[in-house]
Each structure stands twice: as structure tokens, then as C-alpha cells.
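Per UniProt numbering, the very first residue in the sequence shown carries number 1; after that it's consecutive.
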Amino acid sequence: MNTTSEQQKQINIAYIGGGSRGWAWRLMTDLALEKDLSGTVRLYDIDFEAAKTNEVIGNKLSNKPEVVGKWQYVAVKSLDEALYGADFVIISILPGTFEEMYSDVHAPEKYGIYQSVGDTTGPGGLIRGLRTVPMYVEFAEAIKRNCPDAWVINYTNPMAICLKALYEVFPKIKAFGCCHEVFGTQKLLTEVVKEFLGEEREISRREIKVNVLGINHFTWFDKASYKTHDLFPLYKEFVNKYYEEGFEKTKGLWEKDYFASANRVKFDLFKRFGLIAAAGDRHLAEFVPYIYLTDKETVYKWKFNLTPVEWRIKHREELIKLSKEYASDQKEVPLNPSGEEGVMQMKAILGLDTLVTNVNLPNMGQIPNLPIGAIVETNAVFTHDDVRPVYAGKLPSDLASIMIRHISNQELIVKAALEKDLNLAKRAFLNDPAVERLPQSKAEQLFDEMINNTKKYLAYLGL
Numbered sequence: 001m002n003t004t005s006e007q008q009k010q011i012n013i014a015y016i017g018g019g020s021r022g023w024a025w026r027l028m029t030d031l032a033l034e035k036d037l038s039g040t041v042r043l044y045d046i047d048f049e050a051a052k053t054n055e056v057i058g059n060k061l062s063n064k065p066e067v068v069g070k071w072q073y074v075a076v077k078s079l080d081e082a083l084y085g086a087d088f089v090i091i092s093i094l095p096g097t098f099e100e101m102y103s104d105v106h107a108p109e110k111y112g113i114y115q116s117v118g119d120t121t122g123p124g125g126l127i128r129g130l131r132t133v134p135m136y137v138e139f140a141e142a143i144k145r146n147c148p149d150a151w152v153i154n155y156t157n158p159m160a161i162c163l164k165a166l167y168e169v170f171p172k173i174k175a176f177g178c179c180h181e182v183f184g185t186q187k188l189l190t191e192v193v194k195e196f197l198g199e200e201r202e203i204s205r206r207e208i209k210v211n212v213l214g215i216n217h218f219t220w221f222d223k224a225s226y227k228t229h230d231l232f233p234l235y236k237e238f239v240n241k242y243y244e245e246g247f248e249k250t251k252g253l254w255e256k257d258y259f260a261s262a263n264r265v266k267f268d269l270f271k272r273f274g275l276i277a278a279a280g281d282r283h284l285a286e287f288v289p290y291i292y293l294t295d296k297e298t299v300y301k302w303k304f305n306l307t308p309v310e311w312r313i314k315h316r317e318e319l320i321k322l323s324k325e326y327a328s329d330q331k332e333v334p335l336n337p338s339g340e341e342g343v344m345q346m347k348a349i350l351g352l353d354t355l356v357t358n359v360n361l362p363n364m365g366q367i368p369n370l371p372i373g374a375i376v377e378t379n380a381v382f383t384h385d386d387v388r389p390v391y392a393g394k395l396p397s398d399l400a401s402i403m404i405r406h407i408s409n410q411e412l413i414v415k416a417a418l419e420k421d422l423n424l425a426k427r428a429f430l431n432d433p434a435v436e437r438l439p440q441s442k443a444e445q446l447f448d449e450m451i452n453n454t455k456k457y458l459a460y461l462g463l
């Protein structure tokens, strides 16, 4: 990627899922606030009208006099039209509808299996992955055909399954996955700094320097520092102080907000493994469900939530209303930084900056005791046309063994989809730690039920 200052004003971004009422708006505001980049964003979505509405919203935002990043937003009707000649590809989609997500999350509850999110691992995450792979096969083939040198930024879950599918179909693809869960743990560590080091000013989470290692949503810090201070001894004090009650900036928020927690799962994992768990409690719990998700009472004890799909459906209606208000000038899109790093990453890849941040990439040895080729999450250095993972080091063997099991299941789901073999998918499903406690007949019954509930997306399996 050879870029000149003029080319930095003519960047082409393809947005798959460009009708998004969330991620797309975050990208728009971040692009609007970045003075060094401009160009065209082509919005592709199977819901063309949603993409068309975002075209209106994006162009209204870009035309504001106070906006320094000028972009043209164009809704397009085909994947090839979106991707042709793109410099960057952003993927943020919902794989299926809320009907399938309802099954992912709630069908297992009839069998005593509870999931706090259901989009990464567990029975819900695996079935979601099974219907996602064919979509990503199509994306990978279209990227290879239209923009093989483009950098691809994935936000869709299940992150590891999505990225693994891209690399299996197009091994030379330049793709990485972004997740903001680590950011929340850095913010928690700023509270540790304030409490034990007496810092009174507002501290940016980027001032907390961390070594990141693990897999998406089960990510860890084995080093964390602020200026000259090692934060591990202070975090240990912090955990001991707040272990029973939990810690929240707004006390009791976890009881009112499905996405909030009191960080008790995080604190307990620190006591168990000696590393700082670096994702939200809702995600972390799903990797060790036999500790934190045995029943609703246990979830309540650990002070986090099961996020019902009914809430997501209601929230979608609120977002549809908001999108109409943005498009008709009844409301203005808030021009505030999103806290995401996609635009910073693009800027670094274009050679305008250097950035170190956590991303998901195939393991090339950055975590030596996880399988080579597995999708892992570590820090990486972003420079001109390069995203290079940092050597993160080995995980404790007990943590690594937990991750290897989940990696094996995720990779088996990808293989099942690519080879059109439903039996492989069942093997992965039965090997999940949330499912294994069921009698085999019940586990197979649940698998059949969940497959039937999403079968319109699984025609490729001959269903």
C-alpha cells in the first residue's frame, strides 16, 4: 500500500453491514473528527433501505461546517460494488435475525443451560458460528476478487470463527478483529490508580500499559503498569477490598443495566489464576460456565446479567426510530469520539501514525502454548501497510488448557461448515463445557432443536 497525501484524501472504505444502527454511526463520528483522512464509504447491507438511511445520515454529518473529516457515503446494492477497489473493508453484521438469536440464547434454558451473551462460545455461540461461516466464505471470496490487498477489520461475533473462516478461504487476506472488551479493563485499572496512587486528574485508559494474551472474550493481562508503577500488587489489594461487594463507579448499576456488572467474576478469576481477566464478566463467565452460570441464582450472586433477546428486540425498535430522526434532522448525531480504534488503525496503516493495540490475528507464535493458526488476541504494532502481532508469551498451563478446548470447538465448527458435515458440528457442540453436563440424549436433542430453529441459514448442510 503506497500512499501519498493526496491518496489519504481519497480513501475507499467498504462497509459490509452498512445499515448498522450502532457501529456505523460510531465509524461516521470518528471519521468526521479525523482531519487527515477523507474519501468514500460504500454501505452494503442486505437491508438496502437501512443502508440508504445511513447514507443520508453520514452525508448530513459530513456536510456540517464543524466537521473536519469529509466523506461521501453511498449505499450500494451488491457486495462486489461495495468491495471493488476498496482500501479498507469493515464487517459488522448480525448473522441471521433476532429469531435465530432468540434460539441461540434461550433454547438451552429449557435444559438448564444459561448464557449471558450467547454470541461467542457455549451452545448459542457455536450454532451462531455455524450459520455465520457461509456468509464469511462469500465475503472472503468477494474480497479476493475485488480488493485482495485491502485491510479487513472485523467486528462481528463469534470473532474467532469469523476470522478463521476468512483465512481458511483466502489465506493471504489482511484481516484482523477488533474488540473493545480490553478497554473496559484498562478503565477499571485507572480506578485502581486513583485509589492507591492518589491520582486526582482524569486518567486515560491508554495510559495503562498492558500485555494482552488469550482468545477473544477470554483475554488476560499478565503485565499492567502506570508510569513507573507495577499495577499487579495494587490490583491484588483492590480485589481483596472489593471481592465480596464488587466494584462499580455507579453502585447498583448492574441490577439496572443488562450490560453492567460489579466485576466479581473478574476478581474471582484473578484469585484463581493470578492474571487480570480482561473482558466483561458476561463474556468471561461463558468460558467457565460450570463456575458462574450453573443457574440464575449463581449469576445473581456474581452480580452480572443474562441479556435477554427481548431487550435487544425492543432496543432495535428504538434505534430504528432514532435513525429516522437522524435522517430527517429531528435529531443530530452526537459528534463525540466513540472510543473505538478503527479510524486510528486505518490512519496507522496508511503511514500517518504508529499504534499499539489489542487485535485478533492467527497465532504465529505470539502465544507459544496455543495452537499455531488459532485466532488469538494480543497486542499488535500498526505501521505503514503492516499489522504485526507482539510476542505475548506463554499462558499459565491451566488457562491454556481451557482455551485450547474452546479453540478446538470453534475450529471444528469452521471445518463442519466448510466441509458441509453436520456431524462435525455436533461433535463440537457436545464438547462444549456448558453442554457436557447434560445426558448425551438431552444434549443431542438440544442440538437438533437449535439446528432446526436456524435451518434456513443451514441449507448448505443439506437440511
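Note that CB positions come from ideal geometry on N, CA and C, so glycine has one too.
Query: In DSSP terms, what Phe218 is bridged to; Result: Ile215
Query: Simplified DSSP state of Thr454, which is helix, strand or coil; Result: coil
Query: Where Ile13 sits in the DSSP three-state scheme; Result: strand
Query: Distance cut-off 7 Å: Lys223 Cβ against heavy atoms of the ligand FAD; Result: As far as ligands go, the structure on display features none, and thus does not contain the ligand FAD.
Query: Cβ-based neighbour list, Val414, same chain, cut-off 7 Å, excluding 5 preceding and 5 following; Result: Val133, Ile161, Lys164, Ala165, Glu168
Query: Leu37 beta carbon less than 8 Å from that of Ile16; Result: no
Query: Residue burial classification, Glu181 (beta-carbon count within 10 angstroms, cutoff 16); Result: buried
Query: Residues bridged to Gly246 [DSSP beta-bridge criterion]; Result: BP columns for Gly246 are empty, so no partner.
Query: Close-in-space but distant-in-sequence residues of the same chain around Leu430 (CB under 6 Å, 5 per side omitted); Result: Ala443
Query: Inter-residue Cα distance where the pair is Gln7 and Trp71; Result: Confidence in Gln7 is poor, its pLDDT being 48 and thus under 50, which makes the residue's placement too unreliable to answer from.
Query: Extent of the continuous alpha helix (DSSP H) to which Trp23 belongs; Result: 23 to 32
Query: Proximity below 8 Å, CB of Asn146 to CB of Asp80; Result: yes
Query: Closest Cα partner of Lys223 within the set Gly125, Lys209, Asn358, Arg128; Result: Lys209
Query: Cutoff 7 Å; reference Arg205; Cβ partners in own chain excluding five residues on either side; Result: Phe183, Gln186, Lys187, Thr190
Query: Sheet register partners of Tyr44 (DSSP bridge); Result: Ile16, Val76
Query: Whole-Å CB distance - Met364 paired with Ile215, under 8 Å assumed; Result: Not quite, the Cβ-Cβ distance comes to about 15 Å (not below 8 Å), so this is no contact.
Query: When Ala374, Asn157, Thr40, Pro148 are compared against Arg128, the one with the closest alpha-carbon; Result: Asn157
Query: Sub-8 Å separation of Leu412 and Leu424 beta-carbons; Result: yes
Query: Residue environment, His315, which counts as buried when at least 16 other CB atoms sit within 10 Å; Result: exposed
Query: Exposed unless 16 or more other CB atoms sit within 10 angstroms - verdict on Ser92; Result: buried
Query: CB contact flag (Gln95, Ala434, <8 Å); Result: A quick correction: the sequence has Pro, not Gln, at residue 95. In this structure, Ala434 does not lie closer than 8 Å to Pro95 by Cβ.
Query: Coarse secondary structure for Ile404, derived from DSSP in three states; Result: helix
Query: Trp254 in three-state terms, based on DSSP; Result: helix
Query: Neighbour-count burial assignment, Met250, 16 or more Cβ in a 10 Å radius; Result: In the sequence as presented, Met is not what sits at residue 250; that position holds Thr. Under this definition Thr250 is an exposed residue.
Query: Supposed close pair Ala392, Thr378 - CB separation, criterion 8 Å; Result: 4 Å
Query: Rounded separation between Val76 and Ala24 - CA only; Result: 15 Å
Query: CB of Ile276 within 8 Å of CB of Trp220, strictly; Result: yes
Query: Rounded straight-line distance, which links the Cα of Phe176 to that of Phe88; Result: 11 Å
Query: Per-residue burial, Gly125 [other beta carbons within 10 Å of its own, 16 or more giving buried]; Result: buried
Query: CB contact check: Phe88 to chain B, cutoff 8 Å; Result: Among the chains in the structure shown there is no chain B, since it carries only a single protein chain.
Query: Through-space distance from Asn263 to Asp432, alpha-carbon basis; Result: 24 Å
Query: Alpha carbon of Leu319 to alpha carbon of Gly246, nearest angstrom; Result: 32 Å
Query: Same chain, Cβ closer than 7 Å to Arg427, neighbours up to 5 away in sequence not counted; Result: Leu412
Query: Nearest residue (CA-CA) to Tyr243, options Leu234, Glu202, Val265; Result: Val265
Query: Inside the stretch 352 to 399 only - alpha helix (DSSP H) runs reaching at least 4 residues; Result: none
Query: Simplified DSSP assignment, three categories, for residue 470; Result: It is not possible to answer for residue 470, since the shown part of the chain is limited to 1 through 463.
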